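Just so you know, the numbering used here puts the end of the sequence shown at 252, numbered straight through with nothing missing. From the three backbone atoms N, C-alpha and C, an ideal C-beta is built for every residue, glycine too. All values reported here derive from a predicted model rather than from experimental measurement.
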Amino acid sequence: MFEVTALMFGILCGLLILLSGVGAGVIMVPGMMLLFGVAPATAVGSASLASVLIKVAAAYAHGRDSRVDWALFKRFSRWAVPSCLLLALAITLLLRTSWGAGVQHGLKVTVLAAAGFAVLVSFRPQVLQHVGQWLGGLMPLACGAMVGATGVGGGVLIVPALSAMSGADIKVVVGTSTVIGLLLSACTGLVFGGGGHLEPMLALLVTLGGGAGVMLGRPLVIRLSNRAISALVYTLIGVSLLHMTYDLILV
Numbered sequence: 002m003f004e005v006t007a008l009m010f011g012i013l014c015g016l017l018i019l020l021s022g023v024g025a026g027v028i029m030v031p032g033m034m035l036l037f038g039v040a041p042a043t044a045v046g047s048a049s050l051a052s053v054l055i056k057v058a059a060a061y062a063h064g065r066d067s068r069v070d071w072a073l074f075k076r077f078s079r080w081a082v083p084s085c086l087l088l089a090l091a092i093t094l095l096l097r098t099s100w101g102a103g104v105q106h107g108l109k110v111t112v113l114a115a116a117g118f119a120v121l122v123s124f125r126p127q128v129l130q131h132v133g134q135w136l137g138g139l140m141p142l143a144c145g146a147m148v149g150a151t152g153v154g155g156g157v158l159i160v161p162a163l164s165a166m167s168g169a170d171i172k173v174v175v176g177t178s179t180v181i182g183l184l185l186s187a188c189t190g191l192v193f194g195g196g197g198h199l200e201p202m203l204a205l206l207v208t209l210g211g212g213a214g215v216m217l218g219r220p221l222v223i224r225l226s227n228r229a230i231s232a233l234v235y236t237l238i239g240v241s242l243l244h245m246t247y248d249l250i251l252v
């Protein structure tokens, strides 16, 4: 039953990522915690590695079609990658201390807040523009730190951030964001996975399902309306966030 559920969850994630452009983290991390009962740190590690493998094909396609601004990629990653690694390392080290249980609880709260903020940005991109004006050049640091701490934001936050930093065409922004998100997710997954916060079988099954979901979703891109896709995506995310909130209230 576990294998079937994991494969179906992966198929759903692949479909949603392809159809909506919503980042893998905002779907996978809360979903793994909800459906499989894994600890927050394990969900971050497993979801990050699974999303890396699903994103590889997309990143290759964007690069092949010259939809990646490599100068912008370097400028953003120069600050985002160190902050991503530092936050991920700090959390995995703290999880080994006597504060581990408290860190897990805090990580659950942080994932909930990050996913909620990511959904808000999806509906109102101007929110991130206001935050970007306040943070200025620290936006890459902030995005990297959020992905490193929670696994959330590798796509849905970076696209508006890159748009604010450059005047590039939206297709180039999306392509560049995909490559950056792939790199940050890889960093997060390797650090959390190396720290033992990984369910290898879950990550593998979700990855296989995600690949199948991407292939199955190609015909649906034409048939489904944007409104139907958005309703499906945010209904599922909303259910996950509400369940996480309920768990936090009970703790």
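Own chain, CB closer than 7 Å to residue i, minus 5 neighbours either side, in chain order
{"i": "G190", "result": "G46, S49, L50, V53"}
{"i": "L206", "result": "E4, A7, L8, G11"}
{"i": "L184", "result": "S78, V82"}
Neighbourhood of residue i by C-beta, 6 Å cutoff - its chain only, sequence neighbours within 5 removed
{"i": "G210", "result": "L8, G11, I12"}
{"i": "R68", "result": "K172, V173, G176"}
{"i": "S164", "result": "V174"}
{"i": "A40", "result": "Q105"}
{"i": "A62", "result": "none"}
Span separating the alpha-carbon of residue i from that of residue j
{"i": "T98", "j": "G168", "result": "45 Å"}
{"i": "L121", "j": "L158", "result": "10 Å"}
{"i": "H198", "j": "S78", "result": "25 Å"}
{"i": "W71", "j": "A150", "result": "25 Å"}
{"i": "G212", "j": "A91", "result": "32 Å"}
{"i": "V192", "j": "P220", "result": "36 Å"}
{"i": "R76", "j": "A114", "result": "27 Å"}
{"i": "S178", "j": "A102", "result": "34 Å"}
Distance CB(residue i)-CB(residue j) smaller than 8 Å
{"i": "L182", "j": "K56", "result": "Position check: residue 182 holds Gly in this sequence, whereas Leu was assumed. Yes, they are a contact pair."}
{"i": "L96", "j": "A44", "result": "no"}
{"i": "F74", "j": "V148", "result": "no"}
{"i": "P31", "j": "V112", "result": "yes"}
{"i": "L88", "j": "A162", "result": "no"}
{"i": "L108", "j": "C188", "result": "no"}
{"i": "G196", "j": "T93", "result": "yes"}
{"i": "W100", "j": "L142", "result": "no"}
Nearest-angstrom beta carbon gap, residue j and residue i [assumed within contact, 8 Å]
{"i": "G152", "j": "C144", "result": "Going by Cβ atoms, the distance from G152 to C144 rounds to 13 Å, so no, they are not a contact pair."}
Practice prompt. Please determine if the region 159-178 and the region 35-44 are in contact, where contact requires at least 3 C-beta pairs separated by less than 8 Å.
Written response: no
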